[in-house]
Each structure stands twice: as C-alpha cells, then as structure tokens.
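First up is the structure itself, then whatever we jot down about it.
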Amino acid sequence: MKVCIGCGHCLYGADTGARSYLIEEQETRKVQDAVIKYLEKDGINVKKARIDQAASVSESLSYRVNVSDNWGADLYVEIHLNSGGGHGTETFCIGNGNGRKYATQIVNSIAKLGYTNRGVKDGSHLYVVRKTLASAVLVECCFVDSQSDANMWNADKMGRAIAEGILGHDVSSDDEVNVKIANAYLGTKLNIMNVQKLLQLCGYSFFTIDGICGAKTTNYIGDFQKKNGLGIDYKFGPKSIGIALDIIMKKVK
C-alpha cells in the first residue's frame, strides 16, 4: 500500500495555521515526520506532502493534493490541529469506504492517548478530502487552544498513534526498539550490571544497580555514546567501555 502523509498549513505566507498553546504549522510537521517514521518501520511505502510557503491557501491545498495524486497514493492522510474552544480529536472523510475505515481506526487510536474521542465526521466540505483521488482522511489531532489537550501533547506519540491507526496494529516506539537492541547485545544480567556501574561512575544516576536494561539504561548508553563522539547503536561495546574507563581514571587522579 502506498500512503501519502500530508502536513496541514505552511510555515510562512498565506496558509499558516491556528495558534495558542500550540502552533499548528510547527506541530503538524513533527507529527508528519513521526507518522512516516513509524510507517516505514513497518515496511509501508510512504510519501511526504509538505509545502512551507505559499502565496495563497488554494496553492497550499492543491500542492499537497497533487503530490498524492501524481504519486498514485492508495491512502492520503493529512495532519491538522483544531481550534475554536473545544477539546479532543476527530477525523474527517467522505462516504463509507476505505476512508471511513481508516478515519475510524485513526481517531480511536488517538483517543487511547487520553484525548476525547469526537468521532468521524463528514469531510465533503474539505478540499483535500474532496479532491484527492486516493481514499482521504483529515485528522484533527487535538485543539491548540485547549490547555488540557496541550498538557497531553507529544508529537511523537501522536504520530505513532496515527500510524497504528493506519496499520491496524501496534508499532514499537524508538525506546522499545533501542531497549531490544541493548538487551540483545549485553545479554546477561551481570553484563548489564557492569555497564550500569560504569555509567554510574561516569556521572549517570541510578537508583539501584539492578541488571535490568530498560529505557533509562538504554537512553543513558545512547547519551554516553553521543557525548563521546561514538556512533549511537545502544551497544555498550569495547570502544564505549574504553572511553568510560578513561573518564573514570581521570576522576580518580
């Protein structure tokens, strides 16, 4: 399946988005990137439709539709954030075909994050839903002017929820994938404890050295590798160990 993910509004020009606790045109781009990331992890062929500056709203809208149509997408999903005093998430589509199927799956998936489920609504008045050749869904993730929605906001989690709605099944977060990599490499509880001890001596805070390689230990490994100019692979191998020992020896001196 070919899925085109559109990003509502431009950063500059005639078609900027709603603004309050969140800035729509900034957040839609973050969500778009996250949706694409999670879909590609699942092997889906994905196209990005994004225009950062347009002279008119019609130019902005038609550009995104044309990207999807020219590519021959099977499904077009466009990301927006709502405004106007409400709260929660909703999706828009036309008819009862594939568009409604995906609109329903997406809004239900987002609602699992804690947002009020406002359901699937008729999108026949919306240009991108009406004009796109592919089955089309417009997603209103939440309300930019709702404090409660803004308090829950996390663009990566929103993107993951939308991707899961499209796919119809759960996908692993970056943390979950990285934890699996670290555990597969380190293997035993003793190895994990030794790495935790090294990281602790290098300045990383652990409540206890427990030999459990969860998100905290894995993120510490990634941070250590980044700060010390190593490739971030979440495998605390010989190079990481050597640098850690050098840091510890310098502290001892």
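Numbering (UniProt numbering), first residue to last: 1 to 253.
Every residue gets a Cβ at the ideal spot worked out from N, C-alpha and C, and that includes glycine.
It should be emphasised that the depicted structure is a prediction, and the values quoted were computed from it without experimental measurement.
Helix, strand or coil at G116 [DSSP, three-state]: For the purposes of this step, residue 116 is taken as residue 116 along the sequence shown, with counting starting at 1. One detail in the question is off: residue 116 reads as Thr in this sequence, not Gly. DSSP places T116 in coil when its eight states are reduced to three.
Beta-carbon gap between C142 and L11 smaller than 9 Å: Along the sequence shown, one-based indexing puts residue 142 at 142. Along the sequence shown, one-based indexing puts residue 11 at 11. No, Cβ-Cβ distance for C142 and L11 is not below 9 Å.
Sub-9 Å separation of V120 and C93 beta-carbons: Numbered from its first residue, the sequence shown carries residue 120 at position 120. Numbered from its first residue, the sequence shown carries residue 93 at position 93. Yes, Cβ-Cβ distance for V120 and C93 is below 9 Å.
Rounded straight-line distance, which links the Cα of W153 to that of V137: The count along the sequence shown starts at 1 and reaches residue 137 at position 137. The count along the sequence shown starts at 1 and reaches residue 153 at position 153. C-alpha separation (whole angstroms): 21 Å.
I166 - partner residues in DSSP beta bridges: Counted from its first residue, the sequence shown places residue 166 at position 166. I166 is not bridged to any residue.
Cβ pair count under 8 Å reaching 3, the segment 34–51 against the segment 88–104: no
Given N183 as reference, the closest of E164, I212, D156 once Cα atoms are compared: In the sequence shown, counting from the first residue as 1, residue 183 sits at position 183. For N183, the nearest C-alpha among the options comes from I212.
Cβ contact check for the segment 2–20 and the segment 74–94: 3 or more pairs under 8 Å: yes
I221, enclosing beta strand (DSSP E) - first and last residue: As a first step, residue 221 must be located in the sequence shown, where it is residue number 221. Premise fails: I221 lies in the alpha helix (DSSP H), 215–227, not in any beta strand (DSSP E).
Nonlocal neighbours in the same chain, by C-beta distance under 8 Å from Q32, ignoring five residues either side: In the sequence shown, counting from the first residue as 1, residue 32 sits at position 32. The answer, listed in chain order, is I5, G6, C7, K48, R50, I79, G159.
Given 8 Å, three or more beta-carbon pairs between the segment 113–132 and the segment 169–181: no
Supposed close pair L199, Y185 - CB separation, criterion 8 Å: Working through the sequence shown from its first residue, we reach residue 199 at position 199. Working through the sequence shown from its first residue, we reach residue 185 at position 185. The pair is not a contact, with the Cβ atoms about 15 Å apart (cut-off 8 Å).
Alpha-carbon spacing of K131 relative to V65, whole angstroms: Stepping through the sequence shown from its first residue, residue 131 is reached at position 131. Stepping through the sequence shown from its first residue, residue 65 is reached at position 65. Those two C-alpha atoms are separated by around 7 Å.
Inter-residue Cα distance where the pair is E59 and S146: Start at 1 with the first residue of the sequence shown, and residue 59 comes out as number 59. Start at 1 with the first residue of the sequence shown, and residue 146 comes out as number 146. So the two alpha carbons sit approximately 29 Å from each other.
Simplified DSSP assignment, three categories, for K101: Looking up residue 101 in the sequence shown gives position 101. Helix at K101.
V57 in three-state terms, based on DSSP: Numbered from its first residue, the sequence shown carries residue 57 at position 57. The answer is helix: DSSP assigns V57 an H, G or I state.
C-alpha distance - residue 264 paired with Y127, whole-angstrom precision: The structure shown does not extend to residue 264, since the chain is modelled only from 1 to 253, so the question has no answer here.
Simplified DSSP state of S240, which is helix, strand or coil: Sequence index remark: in the sequence shown, residue 240 carries index 240 (1-based). Note: S240 maps to helix in three-state DSSP.
Candidates I232, I241, N194, I162: closest to V35 by CA position: Working through the sequence shown from its first residue, we reach residue 35 at position 35. Ranking the options by Cα distance to V35, first place goes to I162.
Same chain, Cβ closer than 7 Å to K30, neighbours up to 5 away in sequence not counted: Residue mapping note: residue 30 aligns to position 30 of the sequence shown, counting from 1. The answer, listed in chain order, is A155.
Three-way DSSP call (helix, strand, coil) for T28 in this model: Residue 28 sits at position 28 when you count from the first residue of the sequence shown. Helix at T28.
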